[in-house]
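Before any comments, here is the structure.
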Amino acid sequence: MAKSLSVSVVSADQQVWAGEVTMVVAKTVEGEIGILAGHEPMLAILAAGDVRLTLPDGSKVLAQAEDGFLSVDNDTVTIVARKAELVGSK
1417 MAKSLSVSVV SADQQVWAGE VTMVVAKTVE GEIGILAGHE PMLAILAAGD VRLTLPDGSK
1477 VLAQAEDGFL SVDNDTVTIV ARKAELVGSK
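Quick note, the sequence shown lines up with residues 1417 to 1506 if you use the working numbering.
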């Protein structure tokens, strides 16, 4: 079983989604980034676009985020955006 990340997606006024995932893919101003457990600490500025979360069972959650940042530290990913919303899951 793959190691997991604890993820929180937060908009300016509410928590949009939180839980355990095996992978996060997000769009930053420098390009798309994929994050797995064990990723080095980092801080990135988000570009408007999709945030794709892969759950431990293989299903996916899709959110839209814009105007914010993404931080990674000790297998915890925090995505804070001025505007964020869930747009689907598979």
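Ideal placement from N, C-alpha and C gives every residue a C-beta, glycine not left out.
Legend entry - Own chain, CB closer than 6 Å to V1487, minus 5 neighbours either side, in chain order: Residue 1487 is actually Ser in this sequence, not Val. If we look at S1487 and ignore the five residues flanking it on each side, its Cβ neighbours are L1459, T1494.
Inset, instruction - Kindly confirm or deny that the segment 1424-1433 and the segment 1449-1466 touch, where touching means at least three C-beta pairs closer than 8 Å. - result: no
Inset, instruction - Please work out which residues of its chain come closer than 8 Å, Cβ to Cβ, to K1476, disregarding the five sequence neighbours upstream and downstream, and give them in chain order. - result: R1468, L1469, T1470, S1505, K1506
Legend entry - N-terminal and C-terminal residue of the beta strand (DSSP E) that V1493 is part of: 1492-1505
Legend entry - 7 Å CB neighbourhood of P1457 in its chain, flanking five on each side removed: V1488, D1489
Legend entry - 6 Å Cβ shell around G1465 - same chain, five flanking residues per side excluded: K1443
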